[in-house]
Amino acid sequence: MKITYAAPTASLQRWFWWLLLMNILFIVCAELYLRPLTYGEMVQFAVAKDTRIADAIVLEWREMGKYAKALQGIYVNFLFIGLYTAGLAVACAFLSRLTGHEILIRAGKGAFWLLIAAAICDTIGNIAMMKSLQQAITHWNVTLAYDMAAAKFSVIILCLLFILVCLIFWLANKLFSKDNTSMFF
Numbered sequence: 001m002k003i004t005y006a007a008p009t010a011s012l013q014r015w016f017w018w019l020l021l022m023n024i025l026f027i028v029c030a031e032l033y034l035r036p037l038t039y040g041e042m043v044q045f046a047v048a049k050d051t052r053i054a055d056a057i058v059l060e061w062r063e064m065g066k067y068a069k070a071l072q073g074i075y076v077n078f079l080f081i082g083l084y085t086a087g088l089a090v091a092c093a094f095l096s097r098l099t100g101h102e103i104l105i106r107a108g109k110g111a112f113w114l115l116i117a118a119a120i121c122d123t124i125g126n127i128a129m130m131k132s133l134q135q136a137i138t139h140w141n142v143t144l145a146y147d148m149a150a151a152k153f154s155v156i157i158l159c160l161l162f163i164l165v166c167l168i169f170w171l172a173n174k175l176f177s178k179d180n181t182s183m184f185f
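Heads up, the sequence shown is in the UniProt record's numbering, so the first residue is 1 and it goes up one at a time.
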């Protein structure tokens with residue numbers, strides 16, 4: 001069922017492109033700033049799941065001179081949480097509106113709350129990782145960081161799949177509708 005009252009606003013479209021650009025720039029700048037540490041290494045630490053693995057990662061970081069960058073990486077990630085949450089929430093809202101389908105539009109609005117939960121999980125996980133790096137690597141901190149990362153990544157993957165579905169619906173509408181005056185928005 002299509003509805004017409006939820007057409008994307010120009011403001012939402014501007015926010016979509018602005019946040020997409022800001023997220024891309026942030027990722028590139030963070031990667032450059034945190035070198036030689038990579039984002040993949042930070043994710044490895046977040047999903048270590050076992051204190052022996054976390055200990056080995058931290059030991060390697062200390063030996064390779066990456067330990068200070070790991071601490072900085074967690075602080076950088078605190079900034080990124082707000083940026084990716086806003087970016088994905090606006091993407092879900094904007095792209096779901098492009099489809100014109102009521103169910104997808106409602107789901108796009110609901111994605112906001114899932115992303116807030118993911119941001120909370122990411123914040124808790126970062127705090128657990130920070131405690132592991134600054135105090136002691138405990139089973140509690142490693143398990144908490146792992147569980148929070150699993151929850152966060154699950155929501156993000158779900159939102160990315162939702163965005164893909166919206167893009168498919170939008171493209172199908174553009175290709176097969178009689179009124180496809182403009183292919184791009």
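Even glycine gets a Cβ: it sits at the ideal position worked out from N, Cα and C. Note that the structure is predicted; figures quoted are calculated from it, not measured.
**Request:** Enumerate in chain order the residues of its own chain whose CB-to-CB distance from Thr-4 is below 6 Å, with the five nearest sequence positions on each side excluded.
**Result:** Low per-residue confidence applies at Thr-4: pLDDT is 48, beneath 50, and the placement is therefore not dependable, though the value from the model is reported in the following sentence. Here the set comprises nothing.
**Message:** Taking the alpha-carbon of Thr-9 as reference, which of Val-90, Leu-21 and Leu-20 has the nearest alpha-carbon?
**Reply:** Val-90
**Request:** Would you mind working out which of Val-76, Met-64 and Leu-12 sits nearest residue 235, comparing C-alpha positions?
**Result:** The chain is shown only over 1 to 185; residue 235 falls outside these bounds and no answer can be derived.
**Request:** Take every Cβ of the stretch 160-170, pair it with every Cβ of the stretch 124-138, and state whether three or more of those distances are shorter than 8 Å.
**Result:** Taking a cut-off of 8 Å for Cβ pairs, the stretch 160-170 and the stretch 124-138 do not touch, as fewer than three such pairs fall below it.
**Request:** Report the residue from Asn-141, Ser-96, Glu-41 and Glu-63 whose alpha carbon sits nearest the alpha carbon of Gln-13.
**Result:** Ser-96
**Message:** Using C-beta distances below 6 Å, list every residue in its chain close to Tyr-146, excluding the 5 sequence neighbours before and after it, in chain order.
**Reply:** Val-47 and Lys-49
**Request:** Following the continuous alpha helix (DSSP H) through Ile-27, name the residue where it begins and the one where it ends.
**Result:** Its alpha helix (DSSP H) spans residues 10-34.
**Request:** Could you check if Met-1 is buried or exposed, using at least 16 other CB atoms within 10 Å of its CB as the buried criterion?
**Result:** Note that Met-1 has pLDDT 47, beneath the 50 cutoff, so the model's placement of it is unreliable and the number below is only indicative. Exposed.
**Asked** Skipping 5 residues on each side, what residues in its chain have a beta carbon closer than 8 Å to that of Gly-65?
**Response** Pro-36
**Between the CA atoms of Ala-107 and Ile-116 - distance to the nearest angstrom** = Between Ile-116 and Ala-107, the C-alpha separation is close to 14 Å.
**Message:** Using 9 Å as the threshold, is the C-beta distance between Met-22 and Gly-73 below it?
**Reply:** no
**Prompt:** Apart from the five residues on each side of it in sequence, which residues of its chain come closer than 8 Å, Cβ to Cβ, to Leu-20?
**Reply:** Gly-87 and Ala-91, listed in sequence order.
**Request:** For the alpha helix (DSSP H) containing Ser-154, list its first residue and its last residue.
**Result:** 139-176
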